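**Student:** Residue numbers (the numbering used here): 5 to 271. Even glycine gets a Cβ: it sits at the ideal position worked out from N, Cα and C. As the structure is a prediction and not an experimental result, all values here were calculated from the model.
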Ligand SMILES: Cc1cc2nc3c(=O)[nH]c(=O)nc-3n(C[C@H](O)[C@H](O)[C@H](O)COP(=O)(O)OP(=O)(O)OC[C@H]3O[C@@H](n4cnc5c(N)ncnc54)[C@H](O)[C@@H]3O)c2cc1C
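1. Between residue 104 and ligand 1, is the CB less than 7 Å from at least one heavy atom?
2. Report the partner residues of residue 70 according to the DSSP bridge assignment.
3. If you measure between the beta carbons of residue 56 and residue 149, is that distance less than 8 Å?
4. In chain order, which continuous runs of the beta strand (DSSP E) of length 3 or greater are located wholly inside the segment 18–72?
5. Let me confirm a value: residue 262 is counted as buried when at least 16 other C-beta atoms fall within 10 Å, else exposed. Which label applies?
6. Compare the beta carbon distance of residue 251 and residue 85 with 8 Å and say whether it is the shorter of the two.
7. For residue 168, does the count of other Cβ atoms within 10 angstroms reach 16, so buried, or fall short, so exposed?
8. Please classify residue 198 as buried or exposed, where buried requires at least 16 other C-beta atoms within 10 Å of its C-beta.
9. Tell me which residue opens and which closes the alpha helix (DSSP H) that residue 208 is part of.
10. DSSP puts residue 146 in a beta bridge; with which residues?
11. How would you write the range of the beta strand (DSSP E) that residue 103 sits in, first residue to last?
12. What does DSSP give as the partner residues of residue 125 in its beta bridges?
13. Can you say whether residue 61 is buried or exposed, counting buried as having 16 or more other CB atoms within 10 angstroms of its CB?
14. Go to residue 181, then tell me how far its alpha helix (DSSP H) extends in each direction, as first and last residue.
15. Express the C-alpha separation of residue 126 and residue 236 in angstroms, rounding to a whole number.
16. When the Cβ atoms of the segment 61–77 are set against those of the segment 24–38, are three or more pairs found closer than 8 Å?
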């Protein structure tokens, strides 16, 4: 067995994937539940997508369930999404269902990849790319990336970029991509203040209801999903219930698909 051949196999395969991801239709920041759900529904429709995840592992806050008890709770609508991913759920009571957090994370990741999503771990999104659109407005046209190890080590290393027609911010409660846009382009997000409004204290029902309204194009070319959507639009956190994250990911995919369809028609 030739060790160098093994190394060559890893590097050639990785770089083939990475080169393929340099120009995509949708780029997703964050491989938590909302990002991976969006990735699956887009890839299933044949959309070319790439997901960039900062951590070594995917799943965001899902593997930890609630307070490290690795079970997740979803409501009826969330259960239907888990059914599509073939995740087993058990009825608890009052329209609530429980699933194993690790089964859910594994299924989301497996289905997204098998549908054609290209998922990269250990890569952080540190900026966005912008261009002026035909209407004279700035539009987000891609992501600026670096190895997570570079930012964790605070090394002074220039990043690389990927181009995409649509970006989805699925970075969780920090809403990192939206925060970058607000800081660098100015407070021009489509919120009532133009800025990130900040997540409110826990109120599960309100948070779960509002997350779908908050999943939208928040800046030209940028859709916000999952916990980031509630943080950006000033809605409450919802605690350890994950249905909203799945539904928001699905909604973000629908919005992105619609944008891509309109663009194709205009071409
Ligand atoms: C640190 C943390 C804080 C949480 N805080 C809350 C909270 O305040 N309220 C609440 O209701 N629930 C919170 N949760 C719990 C719960 O896990 C979330 O409700 C749920 O997981 C959110 O799903 P999501 O897909 O929106 O984001 P997450 O599950 O948080 O996934 C986001 C993913 O994006 C990645 N990411 C973030 N920034 C970047 C970047 N710049 N580049 C690349 N990848 C990036 C993260 O590593 C993560 O994997 C938190 C979870 C975690 C891990």
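**Tutor:** So, to answer that:
1. Against the chain shown, residue 104 aligns to sequence position 100. No.
2. To locate residue 70, count along the chain shown from 1; it is residue 66. Beta-bridge partners assigned by DSSP to residue 70: 73.
3. Position 52 of the chain shown, counting from 1, holds the residue named residue 56. Position 145 of the chain shown, counting from 1, holds the residue named residue 149. Contact: yes.
4. Runs of the beta strand (DSSP E) inside the segment 18–72: 27–33 and 53–57.
5. Working through the chain shown from its first residue, we reach residue 262 at position 258. Classification for residue 262: exposed.
6. Position 247 of the chain shown holds residue 251. Position 81 of the chain shown holds residue 85. Result yes, Cβ atoms of residue 251 and residue 85 sit closer than 8 Å.
7. Locating residue 168 in the chain shown gives position 164, counting from the first residue. Buried.
8. If you number the chain shown from 1, residue 198 lands on position 194. Flag for residue 198 reads exposed.
9. The residue you call residue 208 lines up with position 204 of the chain shown. 208–218 is the extent of the alpha helix (DSSP H) around residue 208.
10. Locating residue 146 in the chain shown gives position 142, where the first residue counts as 1. Looking at the DSSP assignment, residue 146 forms a beta bridge with 133 and 167.
11. Locating residue 103 in the chain shown gives position 99, where the first residue counts as 1. For residue 103, the enclosing beta strand (DSSP E) stretches over residues 100–104.
12. Here residue 125 corresponds to residue number 121 of the chain shown, with the count starting at 1. Beta-bridge pairing links residue 125 to 57.
13. What you label residue 61 is simply residue 57 of the chain shown in a count that begins at 1. Classification for residue 61: exposed.
14. In the chain shown, the residue the question calls residue 181 occupies position 177. Membership of residue 181 in the alpha helix (DSSP H) is indicated by the continuous run 180–188.
15. Here residue 236 refers to the residue found at position 232 of the chain shown. Here residue 126 refers to the residue found at position 122 of the chain shown. If you take the alpha carbons of residue 236 and residue 126, they lie about 25 Å apart.
16. yes
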